[in-house]
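**Student:** Note that the sequence shown covers residues 12 to 205 in this note's numbering.
Built from N, CA and C at the ideal position, the CB exists for glycine as well.
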Amino acid sequence: MNSGYFPLKLNSEVIYDVDSTVYSDFNNSTTNFTFQLKDIVTNKFTDIQGDEAYRIERYKKTATQDWFFQKVITRKITKNRAEEFIDNKRYVRLVFPTTLQATWNGNLYNDLGEWQHEVKELDVPLTIGGNQLDSTISINQYKEINLIREDIYDETYAKNIGLIIKEVKAVDKNISTGKIIRGFSYRMQLSSWK
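#1: Under the rule that 16 or more other beta-carbon atoms within 10 Å means buried, what is asparagine 118, buried or exposed?
#2: Could you please give me the residues that DSSP links to glycine 140 through a beta bridge?
#3: In whole angstroms, what is the alpha-carbon distance linking valine 135 and threonine 147?
#4: Let me make sure I understand the geometry here. Which of Pro108, Arg86, Asp145, Thr114 has the alpha-carbon closest to that of glutamate 125?
#5: According to the neighbour-count rule (16 or more other Cβ atoms, all chains shown, within 10 Å of its Cβ), is glutamine 76 buried or exposed?
#6: Sort out for me which residues DSSP pairs alanine 169 with in a bridge.
#7: So, for valine 127: in the same chain, excluding its five sequence neighbours on each side, which residues have a beta-carbon less than 7 Å away from its beta-carbon?
#8: Among Glu155, Ile192, Ser202, which has the Cα closest to the Cα of tyrosine 34?
#9: Using the Cα positions of valine 179 and glycine 61, report the straight-line distance between them to the nearest angstrom.
#10: Grouping DSSP H, G and I as helix and E and B as strand, with all else coil, what is tyrosine 164?
#11: What is the residue span of the beta strand (DSSP E) that glycine 194 lies within?
#12: Run through the DSSP bridge pairs and tell me what phenylalanine 44 is partnered with.
#13: Mind checking who leucine 105 pairs with in its DSSP beta bridge?
#14: Taking only the alpha-carbon atoms, compute the straight-line gap between asparagine 224 and serine 40 and give it to the nearest angstrom.
#15: Do arginine 104 and isoleucine 84 have their CB atoms nearer than 8 Å?
#16: Do you know whose CA, among Pro108, Arg92, Gln47, lies nearest glutamine 81's CA?
Structure below.
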C-alpha cells in the first residue's frame, strides 16, 4: 500500500506558497495574488461512516495579514482509498494500492460529475525549493483543452509529507485570438513541513 503519500499524523504541519492569477472580462484585468497556506492536523475522531478521520485546520497568511483561520478540512484513509472532505464536498484523492496509470473517479462521492484521475508518475524523486524528496506521485485529476476553454487540475504528493503541489487552470478563451478572457489559475507548492 502507498498510504505514506497521504500521511495523517497529529500536530503535523505543512506550509504552502501560493501564486494565484484571476482574469476578469468585466474590466479586462489580470490580478495576481501571493500568499501562504498552513495545514495543521489538530485531532482524530470517528466520522459519520464509522471511520477514523483527522481534522485539519487551514490558515492563510498574506503580505499584510498574519496567519488567520480559513477553513476545516477532514481527511481519512479507508482500506483502499484516501479521501478529503473540503468545502462541503468529498473527494477521492488516491487509491490503494497505487500503480502507474491507475485511474479512478475523484468525484465518486460528490455531485461535480465524473473526473477520471490518473497516476502519471509514481515513486519519482523531486526537488522543491532546495528540499530533495525521495518519492513523489503525480496525478492528473482532470484535463480538457479546446478552443474556448482550458481546465487542468494536477496534484503531486510526497511520501511522509502528503500534498506538495496543486496546480489548477480554469479559464475561458477568445475563440479568435486564444487570449484568456476570464477565469483563474493557481499553484500551491510546498514551502516547509514538520
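**Tutor:** On the basis of the coordinates in this document:
#1: Counting C-beta atoms within 10 angstroms of its own C-beta, asparagine 118 has 16 or more neighbours from the protein chains shown and is therefore classed as buried.
#2: Glycine 140 pairs with nothing; no bridge assigned.
#3: Cα to Cα, valine 135 sits roughly 5 Å from threonine 147.
#4: Nearest C-alpha to glutamate 125 among Pro108, Arg86, Asp145, Thr114: Thr114.
#5: Result: exposed.
#6: Paired residue(s): Thr147, Gly173.
#7: Sequence inspection shows glutamine at residue 127; the valine mentioned does not correspond to that position. Excluding residues up to 5 positions away in sequence, Thr114, Asn116 lie with their Cβ nearer than 7 Å to the Cβ of glutamine 127 in the same chain.
#8: Cα-wise, what sits closest to tyrosine 34 is Ile192.
#9: Per the coordinates, the alpha-carbon of valine 179 lies some 32 Å from the alpha-carbon of glycine 61.
#10: For tyrosine 164, the three-state secondary structure derived from DSSP is strand.
#11: For glycine 194, the enclosing beta strand (DSSP E) starts and ends at 191 to 204.
#12: Phenylalanine 44 is bridged to Ser31.
#13: Checking the DSSP bridge columns, you'll see leucine 105 partnered with Ala93.
#14: Past the edges of the chain, shown from 12 to 205, lies residue 224, and the structure says nothing about it.
#15: For arginine 104 and isoleucine 84, no; Cβs fall outside 8 Å.
#16: Comparing Cα-Cα distances from glutamine 81 to each of Pro108, Arg92, Gln47, the minimum goes to Gln47.
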